[in-house]
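Following the numbering used here, the numbering of the sequence shown begins with 1 at its first residue and continues without gaps. Note that beta-carbon positions come from the ideal geometry of N, C-alpha and C, so glycine has one too. Before any comments, here is the structure.
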Amino acid sequence: MSSVRIGVLISGSGTNLQALIDGVDAGEINGEICVVISDKEHAYGLVRAKKNGIDTAFVNRKDFLNDIDFNRKILEELKKRDIELVVLAGYLKILSSEFINEYKNRIINIHPSLIPSFCGKGYYGEKVHRAVLEYGVKVTGATVHFVDEGADTGPIIFQKSVRISEEDDVESLRNKVLKVEHVLLTEAVSLYCSGKINVNDRKVIVGE
Ligand code: GRF
Numbered sequence: 001m002s003s004v005r006i007g008v009l010i011s012g013s014g015t016n017l018q019a020l021i022d023g024v025d026a027g028e029i030n031g032e033i034c035v036v037i038s039d040k041e042h043a044y045g046l047v048r049a050k051k052n053g054i055d056t057a058f059v060n061r062k063d064f065l066n067d068i069d070f071n072r073k074i075l076e077e078l079k080k081r082d083i084e085l086v087v088l089a090g091y092l093k094i095l096s097s098e099f100i101n102e103y104k105n106r107i108i109n110i111h112p113s114l115i116p117s118f119c120g121k122g123y124y125g126e127k128v129h130r131a132v133l134e135y136g137v138k139v140t141g142a143t144v145h146f147v148d149e150g151a152d153t154g155p156i157i158f159q160k161s162v163r164i165s166e167e168d169d170v171e172s173l174r175n176k177v178l179k180v181e182h183v184l185l186t187e188a189v190s191l192y193c194s195g196k197i198n199v200n201d202r203k204v205i206v207g208e
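Spelled out as structure tokens, the structure:
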């Protein structure tokens, strides 16, 4: 099977991106990260990409009249590099319908909770962990899933739980969940790039 051309979208520090870079370097992922695109000019993930010789692009929402045109620009950046798989690694903008249809079942997202809890509109970044702690649940976790038109509603690939202790605060919980995210995301991208992930309606089937 030929190596899969991967495009990663980020908005922040890019520790999930780093996990993918490490996975590719270690030969665990049969793919190549061909571009990292950020909607934030100073996202540290762009520095990580450059340090690893990966092509980068900054696409500023403010340069476009609407979300459709903004998304078209990102699509253009992906398509000119023949990207086959898009990974959202801490990317905070909503994708347009056109984008999602163009890459149907080829966009993977990582979310820092056990979907369908603490997800959807308004649940991103630290807000997720704050809501988890305020609610008082004893278990949270991470979910890696394909992206459909809803907010965090696409077919789930993997989930893993994380126990919450009485001492946890937003920072400690975020760090615990991030560790799990890195493992889940790398595993999901690895299986995808080996052609072992199939989607049947809402169900993701992971093959041998
Ligand atoms: C992660 O928790 C991810 O699940 C969420 O935003 C965070 C990004 O972290 N969507 P990083 O940029 O990969 O370090």
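Query - Distance CB(G7)-CB(V86) smaller than 8 Å - result: Contact annotation: G7 and V86 have beta-carbon atoms nearer than 8 Å.
Report task. Below 6 Å CB to CB, which residues in the same chain sit around I110 once its five sequence neighbours on both sides are set aside? Result -> N16, V144, E181 and L185
Requested in this report: Please specify which runs of the beta strand (DSSP E), each continuous and at least 3 residues long, are wholly inside the stretch 64-150, giving them in chain order.
Outcome: For the stretch 64-150, whole beta strand (DSSP E) runs of length 3 or above, ordered along the chain, are 85-88, 107-111 and 139-146.
**Report entry** Every unbroken beta strand (DSSP E) inside the stretch 6-61 [3 residues or more]
**Finding:** The qualifying runs are 31-38 and 55-58.
Query raised in the report: Within the present structure, is the beta-carbon of N52 separated from the nearest heavy atom of the ligand GRF by less than 7 Å?
Result: no
Requested in this report: Determine the contact status of E102 and I68, defining contact as a CB-CB distance below 8 Å.
Outcome: no
Query raised in the report: By a C-beta neighbour count over all protein chains shown, 10 Å radius and 16 as the cutoff for buried, is T200 buried or exposed?
Result: According to the sequence shown, residue 200 is Asn rather than Thr. By the neighbour-count rule (16 or more Cβ atoms within 10 Å), N200 is not buried but exposed.
Requested in this report: Using only alpha-carbon positions, find the residue among I164, I94 and A188 that is nearest to I156.
Outcome: A188
Query raised in the report: According to DSSP, is K176 helix, strand or coil?
Result: helix
Report task. Check whether the Cβ of T15 sits closer than 7 Å to any heavy atom of the ligand GRF, and report yes or no. Result -> yes
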